[in-house]
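Undergrad: Residue numbers (numbering that gives the first Met the number 0): 0 to 246.
Sharing a structure here in structure tokens format.
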Amino acid sequence: MRRSGRQVVVGSIVLAICVATGVGSLVHPIHSSAGVWILISAAVSAVVCVLWLAWPNRRLCAVSGVLFALPVAWLALMPGRAVDREALRATYGAALRGYVAAPYVWGGENARGIDCSGLVRRGWIDALTSTAVRRVDAGLMREAIAVWWHDCSARELARGYADRCRQVTSAPSLHACDHNALLPGDLAVTANRAHVLIYLGDRAWISADPAAAAVIVDVSGRSANRYLDTPVDISRWQLLDQAPRER
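Structure follows, in structure tokens:
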């Protein structure tokens, strides 16, 4: 049974609304559980709408179903690959630098507005996603989705973020810490758990700074940023610390 012209128009409008809602939730800078569920609901509704529109044409419906099912099956069933730590570390640094000058927005997680822990997570998600796509690595893609799903604060990063990070050292300040013991991608959480900075190498630290109202890069020993002159605990992502392994 073919869809009537009115049914096709209504279905197309609903599909457009679902797509617009999903895109809007991605563009909105504030990360929240409501936003996550809105995005998921919009995606599921869009898939259902496409299948409903294609249903009268069984061949088109079957092709659409396969196109939707294949990525899900790959993501759920394929094992992860050994992690190239140095390549992932470089990708993380490049992703972080891409947010320099982005405005500071408390709770934000994209270039339209971002906060300190949001920068840590957004850069990490970007690095995991781009590496997963480039290397066809389902394990890294699953990790990217898990990090996106589970929000966290600077305090949670210092606690280990569900064993995703581990503490490697502490220092009275970033001016005084031994940078030879650090690796690009390391996270410095202030002792009061109010702020987190990410190491880029060469004594440079990037963070979404509320005082500067933007993402900035400071150099320890040269910059006067107050966060460089406060006690910190330094953590490292487990994926950048452990030997390559299958996931």
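Every residue, glycine too, gets a C-beta built ideally from N, C-alpha and C.
The structure presented is a predicted model; accordingly, all values stated were derived computationally and were not measured.
With burial defined as no fewer than 16 other Cβ atoms inside 10 Å of the residue's Cβ, what is the status of Glu142: buried or exposed?
TA: buried
Undergrad: My output table needs one value for Glu245: the three-state DSSP class, helix, strand or coil.
TA: With a pLDDT of 43 at Glu245, under the threshold of 50, the modelled position of that residue is not reliable, and no figure is offered here.
Undergrad: Under a Cβ-count criterion, where at least 16 other Cβ atoms within 10 Å of its own Cβ denotes burial, should Ala242 be classed as buried or exposed?
TA: With a pLDDT of only 43 at Ala242, under 50, the local geometry of the prediction cannot be trusted, and no value is derived from it.
Undergrad: Which first and last residues belong to the alpha helix (DSSP H) in which Tyr91 is found?
TA: Arg84 to Arg96
Undergrad: Since Ser129 and Thr90 should fall inside the 8 Å C-beta cutoff, what is the C-beta to C-beta distance between them, to a whole number of angstroms?
TA: That pair is a contact at about 6 Å.
Undergrad: Can you tell me which of Ala15, Ala131, Ser206 and Val8 puts its alpha carbon nearest to the alpha carbon of Arg80?
TA: Ala131
Undergrad: Output the boundary residues of the beta strand (DSSP E) element that contains Asp125.
TA: Note, Asp125: premise wrong, no beta strand (DSSP E); alpha helix (DSSP H) at Cys115 to Arg134.
Undergrad: Mapping DSSP to helix, strand and coil, what is Ala213?
TA: Strand.
Undergrad: Under 7 Å Cβ to Cβ from Trp253, same chain only, skipping five residues before and after it: list those, please.
TA: Since the displayed the chain opens at 0 and closes at 246, residue 253 lies outside it and no answer follows.
Undergrad: Let me make sure I understand the geometry here. Which of Ala207, Ala223 and Gly184 has the alpha-carbon closest to that of Ile233?
TA: Gly184
Undergrad: For Asp150, which of Arg134, Leu118, Val135 and Leu173 has the nearest alpha-carbon?
TA: Leu118
Undergrad: Work out the CA separation of Arg163 and Arg96 for me, nearest whole Å.
TA: 22 Å
Undergrad: Are there 16 or more other CB atoms within 10 angstroms of the CB of Arg244, so buried, or fewer, so exposed?
TA: With a pLDDT of 44 at Arg244, under the threshold of 50, the modelled position of this residue cannot be trusted, and the question is left open.
Undergrad: Looking at the unbroken alpha helix (DSSP H) that takes in Cys60, where does it start and where does it end?
TA: Residues Arg57 to Leu76.
Undergrad: Within the same chain, show all residues whose beta-carbon is closer than 8 Å to that of Leu186, passing over the 5 residues directly before and after it, in chain order.
TA: Val119, Leu156, Cys164, Val195, Leu196, Ile197, Tyr198, Ile233, Ser234, Arg235 and Trp236
Undergrad: Quick one: is Gly107 buried, meaning 16 or more other Cβ sit within 10 Å of its Cβ, or exposed?
TA: buried
Undergrad: Excluding sequence positions up to five away, which residues of its chain have a Cβ less than 7 Å from the Cβ of Pro102?
TA: Gly112, Ala212 and Ala213
Undergrad: Here's a check: name, in chain order, each residue in its chain whose Cβ is nearer than 6 Å to the Cβ of Ala207, leaving out the five neighbours to either side.
TA: Tyr103, Ile113, Asp114, Cys115, Leu118 and Val214
Undergrad: Taking the C-alpha atoms as reference points, what is the distance between Glu85 and Leu173?
TA: About 23 Å.
Undergrad: Should Ala45 and Val18 be called a contact, given that it needs their Cβ atoms to be closer than 8 Å?
TA: yes
Undergrad: Classify Val135 as buried or exposed, calling it buried when 16 or more other Cβ atoms lie within 10 Å of its own Cβ.
TA: Classified as exposed, Val135 has fewer than 16 neighbouring CB atoms from the shown chains inside 10 Å of its CB.
Undergrad: Measuring only the C-alpha atoms, how far is Arg246 from Ala203?
TA: Annotation note: pLDDT 43 at Arg246 (below 50); position unreliable, coordinate value reported separately. Whole-angstrom Cα-Cα distance: 32 Å.
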